[in-house]
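Peer 1: What follows is a structure written as structure tokens; I'll ask about it next.
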Amino acid sequence: MSALGGEGLEQESIRRIGNLLPVPVSVLDTSGRSVWANEAYCDLVKMPFEDVMTRTVQDAVHPDDLPAWEEALARAIAGEIVEVELRTLDRQGNDLQVVYAIRHEPVSGRVYAVSQDIPDHRRAARVLHHAATHDALTDVANRAAALTQLDAWLADGVPVAVAVVDVDGFKLINDRMGHRVGDEVLRALARRIEAAAPEGGVVGRMGGDEFVVLARGTRGDATPAALDALSAGLAERLHAVSGEVTVLGRRVRLSVSVGATAALDGDAEGVLHEADTAASSAKRQGPGRMRSYDADLRRWDSERAAMERRLSRALARGQMTAHLQPVVKVDGGDIRAVEALSRMATPDGVVAAGRFIEAADHLGAWPRISWRTREAAFAAMAQLPGWVRLSVNLDTEDLAGPGSLHRVVEQAAAFGVPAGRLVLELTETMLMRDVAQVTQSLAAVRRLGVMIAVDDFGVGSSSLRSVSELPIDVLKVDAYFVAAARRGHAPREVLRAIAGLGPALGIRTVVEGVEEPADLELATDLGFTHAQGWLVGLPSPVEDLVGHPGLAHPSRL
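The sequence shown runs contiguously to residue 554 in our numbering.
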């Protein structure tokens, strides 16, 4: 008789039979410790039998799948034969997608598992599903998947908090350090957001530098105060992701703006809009801010939505027009130019651009508004003397590529306004976006007789060197400086320095925001050549300007 004895012979027979089976089989105890495995299982995980025996379920299974194992084990101990899919690590540490059919033997206390590697086509389907529901750069949920999850949670009637995380100044990171660094920053930020998100929450990327986080509350969070607390708590957790991060050997200081809301029901797009609106409001207050969607913001949002509807109707009905504001010579008050300002002329009255600027930004309507404002202004120029120039504001689309500014000149020519009567205004920010391309475009139309003006000068990012080298004819100083001087602050010397650029660079200087006699005296004392503001001329329909005394003497800007 074998030294194994009767029981040993039986076990040896079971082992030999088990190794003949073509399917992987393993035996464990209820703690997850390996008791035995056949050769097919060892081949599956690419490990010798001795190494398999040293592993536990906790060693072999992906950490994220351990809860599924615990649930399957509990059901097996209760008497079920359970099928569960677990990611299992092979010898090299690679994930294997494996389906286990497990059964518990109550007499021995053993757990028997028959395994099957998922076929390639199922694995490919999983890869495709992951790609369809996850962001390729950061591997968090994509917008569609996040919205689907949000809709499902809202349908359950359980409170859900939603937060939008927006990186402050991300464009500067891309511009200064390159898109490769920018991509790594987003990956690092995604990991931080995942770590900060509540347990069971969902992190998604909305696109660009914007992320969303979803978190479920409890049915006890259904009161208005509890919903506010849920929203504020999520915002505070995510606000903490700001801080320094090192990527590709570069140290980057990250700051985020966070907006949050909480809801019991509704549709995902609507709730996400609330969080996004709160994030935009936080961003407007400065970097590193957070805000919840409160009653004040709800009222503002409602008013903006109403203005968006009015603006859309006005655009559809051709109700966009232009009012013209004089630019006068400080010495004598002669009108040398008029600036075209957008107006919405509805049956309820004329609406100034300041009231619909945010609605236009949200609708992406500025290219259409700019085009129609210019049309109205070009048509009006037929009623003004030929020496008066028309100053029109450029949109970013007007600087989209080489030769794009010629469209503005051609549009003016179609209304009989020659290039020599045009002044094209752009902001410092637009000027510095792509200096080489913008300089080329400006120089091309300047050769046709068009004048170039930099608007809101002093609050942007251009340097004196840039201003001296760019093809500029006019500097229009931002109204902030005059208002600050009026309040007794200290920009007087700054204004004097800007006024001195005129004779130094051979350009004209216009001070904006002249509203009181003292403002005009200040402009005169400091040496500005031209002024613009309510004191010297309100924005008006062209009919109201025809008899203006400043048009009595022919002159040129």
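Cβ coordinates follow ideal geometry from the N, Cα and C atoms, glycine included.
This one's a predicted model, so the numbers in the text were calculated from it and none came from an experiment.
1. Curious, which full-length beta strand (DSSP E) runs of at least 3 residues does the stretch 94 to 170 contain?
2. To which residues of the same chain is G446 closer than 6 Å at the C-beta, ignoring the five residues directly before and after it?
3. What would DSSP say about W33, mapped onto helix, strand or coil?
4. Taking buried to mean at least 16 other C-beta atoms within 10 Å of its own C-beta, is C14 buried or exposed?
5. Please state the DSSP three-state secondary structure of I14.
6. Check for me: the alpha helix (DSSP H) holding I74 runs from which residue to which?
7. Within the same chain, show all residues whose beta-carbon is closer than 8 Å to that of S401, passing over the 5 residues directly before and after it, in chain order.
8. So, for W363: in the same chain, excluding its five sequence neighbours on each side, which residues have a beta-carbon less than 6 Å away from its beta-carbon?
9. Please look up how many angstroms separate the CB atoms of A69 and V58, rounded, as I've assumed it's under 8 Å.
10. Strictly by DSSP, which residues pair up with H320?
11. Report the start-end ranges of each beta strand (DSSP E) in the stretch 360 to 384 that is 3 residues or longer and not cut off at the edges.
12. For the alpha helix (DSSP H) that contains T393, what are its first and last residues?
13. Taking contact to mean at least 3 C-beta pairs separated by less than 8 Å, is the stretch 536 to 545 in contact with the stretch 310 to 322?
14. Quick one: grab the DSSP three-state call for L445.
15. Based on the DSSP output, what are the partners of D92 in its beta bridges?
16. Given this structure, state the Cα-to-Cα distance separating T243 from R189, to the nearest angstrom.
17. Is the stretch 263 to 270 in contact with the stretch 225 to 240, if contact means three or more CB pairs nearer than 8 Å?
18. Tell me the start and end of each unbroken alpha helix (DSSP H) in the stretch 172 to 240 that is at least 4 residues and wholly inside, in chain order.
19. Quick one: complete beta strand (DSSP E) runs, 3+ long, within the stretch 240 to 294?
20. For Q434, which residues from the same chain have a beta carbon less than 7 Å from its beta carbon, with the 5 sequence-adjacent residues on both sides left out?
21. Give the straight-line distance between the Cα atoms of G175 and V491, rounded to the nearest whole angstrom.
22. Alpha carbon to alpha carbon, how far is A222 from D273?
Peer 2: Walking through what the data contain:
1. 107 to 114 and 157 to 164
2. Position 449 of the sequence shown, counted from the first residue, corresponds to residue 446. Closer than 6 Å at Cβ, skipping near neighbours: A416 and G417.
3. As a first step, residue 33 must be located in the sequence shown, where it is residue number 36. Correct three-state label for W33: strand.
4. What you label residue 14 is simply residue 17 of the sequence shown in a count that begins at 1. Looking at the sequence provided, one finds Ile at residue 14 rather than Cys. It counts as exposed.
5. Numbered from 1 along the sequence shown, position 17 holds the residue referred to as residue 14. It is helical.
6. Along the sequence shown, one-based indexing puts residue 74 at 77. Counting along the chain, the alpha helix (DSSP H) containing I74 begins and ends at L63 to I74.
7. Taking the first residue of the sequence shown as 1, we reach residue 401 at position 404. For S401, where only same-chain residues beyond five positions count, the Cβ hits under 8 Å are E394, D395 and S438.
8. Sequence index remark: in the sequence shown, residue 363 carries index 366 (1-based). Contacts found: A357 and D392.
9. By one-based count along the sequence shown, residue 69 stands at place 72. By one-based count along the sequence shown, residue 58 stands at place 61. About 11 Å; that fails the 8 Å criterion.
10. The count along the sequence shown starts at 1 and reaches residue 320 at position 323. DSSP, once it has assigned bridges, lists L338 as partnering H320.
11. none
12. The count along the sequence shown starts at 1 and reaches residue 393 at position 396. From DSSP, T393 is part of no alpha helix (DSSP H); its letter is neither H nor E.
13. yes
14. What you label residue 445 is simply residue 448 of the sequence shown in a count that begins at 1. Correct three-state label for L445: coil.
15. To locate residue 92, count along the sequence shown from 1; it is residue 95. Answer is L86, bridged to D92.
16. Residue numbering aside, residue 243 sits at position 246 when the sequence shown is read from its first letter. Residue numbering aside, residue 189 sits at position 192 when the sequence shown is read from its first letter. Rounded to whole angstroms, T243 to R189 spans 13 Å at the Cα level.
17. no
18. 176 to 193 and 221 to 236
19. 240 to 244, 247 to 251, 253 to 260 and 287 to 289
20. Reading the sequence shown from its first residue, position 437 is the one you call residue 434. Once the five neighbours on either side are set aside, the close Cβ partners of Q434 are P399.
21. For the purposes of this step, residue 175 is taken as residue 178 along the sequence shown, with counting starting at 1. For the purposes of this step, residue 491 is taken as residue 494 along the sequence shown, with counting starting at 1. One C-alpha to the other measures close to 34 Å.
22. The sequence position of residue 222 within the sequence shown is 225, counting from 1. The sequence position of residue 273 within the sequence shown is 276, counting from 1. If you take the alpha carbons of A222 and D273, they lie about 21 Å apart.
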